[in-house]
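FYI, the numbering for the sequence shown is 1 to 140, going by full-length UniProt numbering.
The C-beta atom is built at its ideal place from N, Cα and C for all residues, glycine as well.
As structure tokens, the structure follows; a few thoughts come after it.
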Amino acid sequence: LYFKGTEGVVELTQWFERMEMVFRISIWLAKNRVKFATRTLLAGALTWWNSHVRIVGNDAAYVMTWIELKKKMADKYCPRNEMKKIKAEFWNLEVQGTDVTRYNQRVQELALLCVRTYPEESDRVERYIGGLPDSIHESV
């Protein structure tokens, strides 16, 4: 459940997934998600968050949305070169042959990693449809 900020994109993505699972099964209101999530930060990630709070102030820090926090954390903990490769793969991903199942899985993985580039669900859906074969694309 905790995030230290030492393992890059994979660790951050898994932390996002864990937080969102907690949000789905709990009574946390959207306005309290950032408060809860930042309570699970450890080590360097906690130091980073505390510095942010000192700079912007307590009220401003906790008024941000979960999506805004995810973008801010991705900016901090996802190396540019790694993200560039992931974005390129996501942008160019297409169904290979008839293996839509494998395509679906990889799109989901990459979409989680591309939180900064595709923060909204509608953007991810559009990218997903773009990688489908024309025969399927027209049905969607």
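A contact between stretches requires three or more CB pairs, one per stretch, nearer than 8 Å, and the region 62-80 meets this requirement with the region 23-39. Taking a cut-off of 8 Å for Cβ pairs, the region 103-111 and the region 82-90 touch, as three or more such pairs fall below it. Here residue 113 carries a helix assignment [DSSP, helix/strand/coil].
Nearest neighbour of residue 48 by Cα position, chosen from 25, 30 and 74, turns out to be 74.
Our two residues, residue 53 and residue 104, have alpha carbons roughly 38 Å apart in a direct line. Excluding sequence positions up to five before and after residue 41, its CB lies within less than 6 Å of the CB of 3 and 49, all in the same chain and listed in chain order. In the DSSP secondary-structure assignment, residue 3 is bridged to 41. The alpha-carbon separation between residue 136 and residue 57 amounts to approximately 50 Å. Annotation for residue 8: the continuous alpha helix (DSSP H) segment containing it runs 8-25.
When DSSP states are grouped into helix, strand and coil, residue 49 belongs to the helix group. In this structure, DSSP gives residue 91 a helical state, which the three-state scheme calls helix.
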